Amino acid sequence: MTATAEPEVGKARLRKEDARLITGQTKWTDNLQLTGMLHMAVLRSPVAHARIRSIDCSRATAMPGVAIVLTGEDLAAEQGSLPCAWPITEDMLAPAAPALAVDQVNFAGEAVALVIADNAYRAADALAAIDVDYDELPVVLDLEEALQDNDLVHPDLGTNKSATWIFDSAEAGSGTNVEDEIASAEVVLERTFRQQRLIPSFMEPRSVVVDPSADMFTIWSATQIPHILRWMLAAVSGIAEHRIRVIAPDVGGGFGGKLQVTPEELLCLLVARRMGRPVKWTESRTESMLSGHHGRDQIQKITLSARRDGMVTGLKVELLADMGAYLRLVTPGIPILGAFMFNAIYKFAAYRFVCTNVFTNKVPTDAYRGAGRPEATFAIERMMDELAVELGRDPMELRQQNWIKHDEFPFSTVAGLTYDSGNYEAATDRAMELFDYSALREEQARRRSSRDPVQVGIGISTYTEMCGLAPSRVLGALRYAAGGWESASIRMLPTGKVEVITGTSPHGQGHETVWSQIVADRLGVPFEDVEVLHGDTASSHRGMDSYGSRSLAVGGTALVHAADKVLAKARRLAAHMMECDEADVEFATGSFSVRGTSTVRSLGDVVLAAHVAHDLPEGMEPGLDADATFDPDNFSFPHGTHLCATEVDTQTGMVRIRSYVAVDDVGTVVNPLIVDGQVHGGLAQGIAQALYEEAIHDETGTLTTATFADYLVPSAADLPAFMTARTATPATSNPLGVKGVGEAGTIASTPAVVNSVLDAVRHLGVRDIEMPLSPERVWTALRGGAAEASTPAAGGLGSIDSQGGQS
Amino acid sequence: MIPAEFRYLCPSTVDEAVRMLVEEGEDAKVIAGGQSLVPVLRMRLAAPTALIDIGGLTELTGVRDDGDSLLIGAMTTHYEVQRDHLIHDHALLLKLVTDTVADPQVRHRGTFGGSLCHADPAGDLLAPALALDAVMIIAGPGGRREVPASEFFVGYFETALAPDEILIDVRVPKYTGWGAHYEKLNRVAQAWSIVAVAAAVQISGGTIAAARVGLTNVGSGPVRAVDVESALVGQPVSAISDAALLASSGDGYKDNLARVLTDRALTAAVAG
Ligand SMILES: Cc1cc2nc3c(=O)[nH]c(=O)nc-3n(C[C@H](O)[C@H](O)[C@H](O)COP(=O)(O)OP(=O)(O)OC[C@H]3O[C@@H](n4cnc5c(N)ncnc54)[C@H](O)[C@@H]3O)c2cc1C
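Read top to bottom, the protein sequences are chains A and B.
For the first sequence, position 345 matches number 345 in the UniProt record's numbering, and the numbering has no gaps at all.
For the second sequence, position 169 matches number 169 in the UniProt record's numbering, and the numbering has no gaps at all.
Take a look at the structure:
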C-alpha cells in the first residue's frame with residue numbers, strides 16, 4: 001500500500017520496550033504493593049503419591065502475622081476443577097484437578113495447604129508449622145510400566161491411560177496404508193527415541209496479585225494468556241466474567257510455561273474473595289520447577305519404510321506421552337500438535353500416528369517452546385540420518401531426494417495439511433555455503449583415520465513447522481475448546497498519535513516494536529507516534545494471547561486489517577474535505593491528495609476533522625478508530641536448514657559445538673534484529689535439550705533437579721557464535737507474508753546437534769545416545785555401554801546433597 | 001525463597017567475632033561472602049539462630065609476603081586472588097583455579113577462606129590447597145592454632161574447625177617459578193566440576209624436580225595424587241602420561257576422568 005519515505009518493515013529497529021524491561025523500570029507483578037495486601041505461601045507435598053490422612057494447622061494458625069491457614073477441605077466447595085481445554089477424544093479420561101489437594105496428592109510439589117499472612121516472611125515461616133499426615137501410595141513414574149496398570153495414579157479412573165489419538169492416512173484419504181508400505185518395503189527401520197522431560201525456564205518466576213476491591217476482581221499475573229485466564233477463572237470460580245479484569249503487565253518470559261491456568265492463580269482469587277483483601281503470591285525458582293508445568297517427556301517408537309534407492313514410503317509413529325498427574329490447560333493436545341509434523345518436508349506415501357497419553361505421579365506436562373513439533377522434528381530428522389547410514393548415502397543428498405521441491409507448492413501432505421509455500425533447496429544451498437560442508441567432511445575423515453581423540457561430526461536438520469495457531473475451524477475439528485483468531489484495534493488520537501490495542505500478549509518478544517513498525521508503514525505515521533497496549537482485558541477485551549508462533553501471523557494480520565479500515569474511512573473523509581470524488585484520492589507517506597492537483601490533507605488533519613466532527617459526510621460516525629479480527633485460513637510453515645558441527649572428546653565424552661549455521665525461512669521479516677534474537681534464543685533452548693537439560697526424578701518421585709545448580713540451563717559462555725541467515729519465501733496465508741519465528745530455533749536445533757554427535761562417533765560403534773548427551777553418557781556409549789547408562793544427576797545446589805558435579 | 005529468622009551480628013575484631021561465636025553457641029554461624037551460605041539458608045537446609053558477619057574485618061583481607069610463604073587472609077575475595085601479584089608470582093595455581101570459579105558476580109563476593117571452610121567436595125579450591133601444602137591459621141577461644149590442609153578437610157562438607165573457631169589466614173608455601181594448570185570438566189560454565197585436577201610442576205634441567213597434584217570431586221573431600229607426584233620426581237616430561245594412570249585405579253567414569261585430566265593438567269602445567 002503506502003509507506004513512509006523509508007519503509008519500517010525490514011528495519012532492524014532497536015526494541016522500544018527494552019530500556020524499561022532491562023532496567024526493571026516497569027511493573028512486574030511482584031513489584032505491586034497494595035494497601036492491606038496479604039501474602040500467600042503454599043505448602044507443597046514432599047511425596048509423589050499419598051492419601052492425606054490429616055492436616056493439623058493449629059500451630060501455624062497461631063504464629064505471628066498469620067491471618068488464616070487453608071487446606072483443600074476448606075476450599076473444596078468453591079475451588080472446582082482446573083480446566084483442561086483440549087479433550088482430544090470423546091472418551092478421554094480426565095481426573096478432577098483440584099487447585100489445592102483435598103484427600104490425595106499425586107505429585108511431589110502439589111499444593112496441600114496455604115498460609116495467608118501479613119508479609120511473605122511470616123507466611124513462609126508458618127509453612128513449617130503445618131503437620132500433614134500422609135499415607136503413602138505406590139508411585140507410578142515410568143511410562144511403560146504405567147501402561148501395565150499395576151499401580152494407578154488415579155484409582156477411580158481404573159487405568160493410567162488417558163486417551164489414544166490416531167491419525168491414519170489411509171482412513172483420512174491423504175495417503176496409502178502404512179502397514180502395506182512396511183510389508184512391501186525393501187528397507188524397514190525401527191527406532192525408539194526418548195524425549196526427556198524439560199522445564200520451561202522463564203526468567204521471571206510466576207507471580208499473582210488479586211485485588212478484590214471496588215466490586216471487581218483485578219488480577220495481575222505473570223501470564224502469557226490474560227484473555228484465556230479471565231474466561232477460565234470465571235468458568236471455574238463462578239465469578240461473573242465481567243467482574244474479573246486480568247492484567248498481564250510486563251512479563252519476563254514464558255516459553256509456554258505461562259500458557260496455563262495455574263492452581264495458584266485460582267487460589268489467590270479464592271483467598272482474596274474470602275478475605276476481602278488483596279493477596280499476592282510469588283514463587284521461588286525451586287517452587288517453579290516443582291510445580292509449574294514441564295514439557296516434552298515422550299517415548300517415540302518410529303518405523304520408517306523405504307526403497308533401496310532411498311525413496312521413503314511409509315512412516316509409523318507410536319508415541320507414549322507423559323501427562324504427569326493431571327491434565328492442565330492443553331496437556332493432552334501437546335503431542336497431537338506434533339502429529340502433523342512427523343512427515344515434515346518429505347513425501348511419504350503413507351503415515352500413521354498413534355499417541356497414547358499416560359498418567360504418572362509427576363508434575364503435569366504442557367506447552368513448552370515448540371510444543372509437540374520439536375519432538376516430531378527430532379524423530380524424523382534422526383530417522384533420515386539412520387536411513388542414510390543404512391543405505392550408505394550422504395544424509396543431505398538423501399533428504400534432497402525426498403523433500404517437496406519448490407515448484408510443488410502448494411503441497412498437500414500425507415498428514416492432511418496444505419503447505420502453502422517453501423523453498424527447501426534455497427535454504428539448504430545457503431546453509432551449505434556458509435557451513436563449508438565439504439571442508440568439514442575432509443577434516444572428519446582425517447581425524448577418523450588418525451584416530452584423533454577428538455572426533456568431528458556433522459548434523460543436519462531440514463525442518464518445517466506449523467505456526468500461526470490457528471484456523472478456528474481446524475481447532476474445532478481437533479476438539480480444542482477455543483478459537484484461533486486474533487484481534488486488533490487502532491485508536492486515532494486527536495493529536496495524530498496512534499494507540500494500538502492487540503489481543504496478543506507479548507512476554508519478551510518485542511511486539512510493541514514490531515506492531516509499531518507495521519502501523520507506521522501502513523498509516524504513514526512516525527514509528528515513535530505509535531503506542532501498543534496489550535495484556536489488560538479492560539483495554540483489550542478480545543484476544544487469544546501469545547503462543548505457538550502466532551502473534552505476528554495472526555495478530556499482525558488483524559492489525560493490518562484494522563489499519564486498512566482506518567484508511568478506508570479516512571479516505572472517504574479526505575475526499576469530503578477536499579471536495580473531490582473518493583476515487584481520485586491518493587494516499588502516500590501519511591498524506592491524502594487529489595490525483596493531478598496540489599490539494600493535500602495530512603492524515604493528522606483528517607483525524608482531527610473526524611474527531612471534532614464539525615463537518616462529516618452524511619451518515620459518517622465521528623472518529624477514525626477501527627477494530628478487526630482475523631481468523632486464518634491456514635497455518636504458516638516456516639522451514640530451514642540447520643547444520644551443526646561438533647567436536648567429541650572421546651576420552652571424556654565432552655561435546656563442544658564447533659560451528660552452527662541456521663538458515664531459516666520465516667517469510668517476510670519485519671524486524672531482522674528481533675528475528676535473530678528469536679532464533680538465537682530458540683537455538684539455545686534446542687541445544688539445551690540435546691546436551692544439557694533434563695528434569696530427573698528419583699525412584700520416590702522427588703524431582704532432584706529443582707535448582708539451576710542441578711537443572712543445567714546453558715548460558716552464552718556454553719554456546720557457539722551462531723551463524724544465522726535467511727531465505728524469504730513469503731507465506732500466502734496472510735497479507736504480510738510472515739510465518740512466525742518464535743519456535744523455529746528450538747524445533748530445528750535438537751536433532752542437528754544429536755545427529756552431529758552420532759556422526760562423530762558412529763564409526764566407533766555407537767548407534768544412539770539418549771538425550772541429554774552428557775559427557776558421562778557419551779563416554780559410556782563409547783565404551784559400548786547402554787545408551788542410558790548414566791547415574792542420575794547430582795542433587796541440590798550442585799553438590800549439597802550429593803557428591804555433586806553433574807556428569 | 002525466604003530463610004528462617006536469624007539474628008545478625010557485626011563484630012569489629014576477630015576476637016570479638018570469636019567471643020560472639022562462644023556466646024551464641026552451636027547454632028550460630030560465621031558468614032563471609034555468603035555465596036554458599038545464603039543459598040543454604042534460603043532453601044532452609046540450615047537455620048542458624050545468629051549470623052556473625054566477618055565481612056567488615058579488614059584484618060582478614062589481602063595477601064601478605066611472609067618470607068618462604070604467602071599469608072592469604074580468609075576474607076580475600078576470589079576476585080582479589082585472581083588479581084594479586086604475589087599469588088601470580090608464587091602460587092600461580094591458585095589464580096588459575098580461581099579463574100574457573102563461578103562467575104564474576106560470585107567472585108566479587110565469595111572468599112578464599114569461605115570456600116575452604118564450606119568444604120564442598122566439588123569446590124575448586126580444596127584440591128589446590130591440599131596439593132600446595134597450605135596451612136590453616138585458626139582463631140578460637142583458646143587462641144590461635146595451625147592445621148595443615150591434610151588434616152583440615154575431614155570429609156563431606158566437614159572441616160577440623162570447631163563451631164566456635166574462625167579461619168583467619170591461609171599460609172601457602174611459595175612455588176616461585178613452578179608451572180601450573182587447572183583442568184576442569186564441567187557441563188556448563190556455571191556448573192560445578194564433575195572432576196578437576198590441579199597440578200603444579202617444577203622443572204629443573206629438563207626433568208621434573210617436583211610435582212603437586214590435587215583432585216577435585218572424586219571423593220568426600222579433596223584427594224592428593226601422591227603416587228602420581230612421586231612417580232614423576234626426577235623423570236622427563238615424557239613420563240607424564242604413564243604417571244597420570246596412577247591418579248586412579250578404578251573403572252568408573254570419574255576414575256577415567258581423574259587419569260585423563262591429570263595427564264592434561266600436568267602436560268599443560270609443564271608447557272606453561
Ligand atoms: C552461582 C554460584 C556458582 C558457584 N560456582 C563455584 C565453582 O564453580 N567453584 C567453586 O569452588 N565454588 C563455586 N561457588 C561457591 C563460591 O566459591 C563461594 O564463594 C564459596 O564456596 C564460599 O565462600 P563465601 O565467602 O561466599 O562463604 P560463605 O557462603 O559466607 O560461607 C560458607 C561456609 O563457610 C563458613 N565460613 C566462611 N568463612 C569462614 C571463616 N573465615 N571461618 C570459619 N567459617 C567460615 C560459613 O559459616 C559457611 O558455613 C559458587 C557459588 C555460586 C553462588
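From the three backbone atoms N, C-alpha and C, an ideal C-beta is built for every residue, glycine too.
Keep in mind it's a predicted model, so treat the numbers as computed, not measured.
In this structure, proline 39 of chain B has its beta carbon less than 7 Å from a heavy atom of ligand 1. For valine 661 of chain A, DSSP records a beta bridge to A:Leu643, A:Met723.
In terms of side-chain proximity, the C-beta atom of histidine 118 of chain B is found nearer than 7 Å to a non-hydrogen atom of ligand 1.
Note: glutamate 486 of chain A is bridge-paired with A:Phe630 in the DSSP secondary-structure output. Residue side-chain check: threonine 111 of chain B places its Cβ nearer than 7 Å to a non-hydrogen atom of ligand 1. Here glycine 457 of chain A is bridged, per DSSP, to A:Thr646.
Taking 3 residues as the shortest admissible run, the stretch 108 to 188 of chain B contains the following complete beta strand (DSSP E) segments, listed from N- to C-terminal end: 135 to 140, 143 to 148, 153 to 155, 166 to 173, 179 to 185. For alanine 191 of chain B, at least one C-beta of chain A is nearer than 8 Å to its own C-beta. Of all residues in the stretch 257 to 270 of chain B, the ones placed with a Cβ closer than 7 Å to any Cβ belonging to chain A are Leu257, Val260, in chain order.
Using beta-carbon distances, leucine 185 of chain B counts as an interface residue toward chain A, with a partner under 8 Å.
Within the same chain, Pro98, Ala99, Leu100, Leu266, Leu270 come within 7 Å of glutamine 79 of chain A by CB-CB distance, once the 5 residues on both sides are set aside.
Interface criterion not met: the Cβ of proline 205 of chain A is under 8 Å from no Cβ in chain B.
Here histidine 614 of chain A is exposed: its Cβ has fewer than 16 other Cβ atoms, across all protein chains shown, within 10 Å. A direct Cα-to-Cα measurement between glycine 56 of chain B and valine 14 of chain B gives close to 10 Å.
In summary, threonine 176 of chain B is exposed, with fewer than 16 beta-carbon neighbours lying within 10 Å of its beta-carbon over all protein chains present. For the pair arginine 393 of chain A and proline 200 of chain A, the Cα-to-Cα distance works out to about 37 Å. Closest by C-alpha distance to threonine 218 of chain A, out of A:Arg243, A:Leu523, A:Ala558, is A:Arg243.
Excluding the 5 residues flanking it on each side, methionine 1 of chain B has same chain C-beta neighbours closer than 8 Å at Arg42, Met43, Arg44, in chain order. Of the residues A:Val454, A:Thr360, A:Phe409, the one whose Cα lies closest to the Cα of glutamine 148 of chain A is A:Thr360.
Distance from the CA of tyrosine 253 of chain B to the CA of arginine 451 of chain A, rounded to the nearest whole angstrom, comes to 21 Å. Beta-bridge annotation (DSSP): proline 236 of chain B is paired with B:Thr207. Look at the stretch 650 to 661 of chain A: the residues with a C-beta under 9 Å from a C-beta of chain B are Gln651, Thr652, Gly653, Met654.
Within the DSSP secondary-structure output, tryptophan 281 of chain A pairs in a beta bridge with A:Val208.
Per DSSP, the unbroken beta strand (DSSP E) holding valine 30 of chain B starts and ends at 28 to 31. In this structure, the straight-line span from the alpha carbon of aspartate 665 of chain A to that of valine 47 of chain A is close to 47 Å. For tryptophan 86 of chain A, no alpha helix (DSSP H) segment is defined, and its DSSP state is neither H nor E. Rounded to whole angstroms, the gap between the alpha carbons of aspartate 103 of chain A and glutamate 693 of chain A is 33 Å. Relative to the Cα of alanine 662 of chain A, the nearest Cα in the group A:Arg542, A:Gly682, A:Val655 belongs to A:Gly682. At the C-beta level, phenylalanine 353 of chain A and alanine 339 of chain A come within 8 Å of one another.
Taking CB atoms only, aspartate 718 of chain A has a neighbour in chain B less than 8 Å away. Your pair serine 174 of chain A and serine 412 of chain A checks out as a contact, with CB atoms roughly 7 Å apart and the cut at 8 Å. By the C-beta density criterion, threonine 750 of chain A is buried, having at least 16 other C-beta atoms within 10 angstroms. It is roughly 16 Å from the alpha-carbon of aspartate 30 of chain A to the alpha-carbon of arginine 20 of chain A. Boundaries of the alpha helix (DSSP H) around isoleucine 334 of chain A: 334 to 338.
Burial check for tyrosine 346 of chain A: the Cβ neighbour count within 10 Å reaches 16 or more, so the residue is buried. Nearest CB-CB separation between serine 291 of chain A and chain B: not below the 8 Å threshold.
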